[in-house]
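Report on one structure; see the data block that follows.
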Amino acid sequence: MTEKLLLYLVKEIARETDLMEQHKITPIAKNLVDNRQNILSNLKAIGRSGNLETIIAAEKFLVENDIKDHANSKSMFSSLNDALEELRAVETHVEMVSDPKEYQRVNKTNAQHKMRDTRDLPKDGARHAFRSHDTRLGNLDRGRVDDHEKAIIQARRHNIRIAEKRYIERQEKTLGRELEEQPAPDRARHEDPSQDSLQN
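So in the numbering used here, spot 135 of the sequence shown is number 264, and the numbers just go up one at a time.
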């Protein structure tokens, strides 16, 4: 009995593969491929722009669209809503990091050694959100998606990493003068290469 069940599963999986191959050559499937190529090109252009706000706005739109059109389970809704909250947190921090006086509050909140990177910059809520979302997209990339979807996911991850670098540059610009004026022993006390692998 169990052997028949396994044989049936093998047969149906083989049939699914055959049907998927047939579907690829249909006009609708070809249109879908063309559309995804256009999305990919657009995402790459957004990444090349290096504009932090544009990258975050694009990723936020994609997450909102997934919630509206593609979420089909409680766990998926939960994960996407978490992603949306993190991206909103990034937007808030982007506004704060542009205001040196306002960002000093964030800097002081993250003053503990474990909350600093090798440049003595705070690993604040935005930094954590970037890493969390990158991991989330990486998990999607390991799912059962086609090559075109994988390419889009990889472009999104690349853009998130660019956004994180641009955010760190703004941290450096906002806090740089204070860090330069800080006595050397104080800077050394914060340095710990094991705390953050991102060097750029």
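Every residue gets a Cβ at the ideal spot worked out from N, C-alpha and C, and that includes glycine.
Owing to the predicted nature of the structure, the values given are computational and were not obtained by experimental measurement.
- Contact between the segment 246–260 and the segment 294–306 is established, with three or more Cβ pairs separated by less than 8 angstroms.
- In the DSSP assignment, Lys230 falls within the unbroken alpha helix (DSSP H) covering 229–238.
- Here Arg245 is bridged, per DSSP, to Pro251.
- Within its own chain, the residues whose Cβ lies closer than 7 angstroms to the Cβ of Ala212, once the five positions on either side in sequence are excluded, are Val192, His262, Arg265, listed in chain order.
- In this structure, DSSP gives Ala284 a helical state, which the three-state scheme calls helix.
- A Cβ-Cβ contact shorter than 8 angstroms links Val226 with Tyr296.
- Only buried fits Asn288, as 16 or more other CB atoms lie within 10 angstroms of its CB.
- Contact between Glu182 and Val223 holds, since their C-beta atoms are separated by about 7 angstroms, short of 8 angstroms.
- DSSP, reduced to helix, strand and coil, places Gly305 within a helical segment of the structure shown.
- Around the Cβ of Ile175, a 10 Å sphere holds 16 or more other Cβ atoms; the residue is buried.
- Taking a C-beta distance under 8 angstroms as the contact criterion, His277 and Val139 do not qualify as a contact pair.
- About 6 angstroms separates the beta carbon of Ile185 from that of Glu220, a gap short enough to meet the 8 angstroms contact definition.
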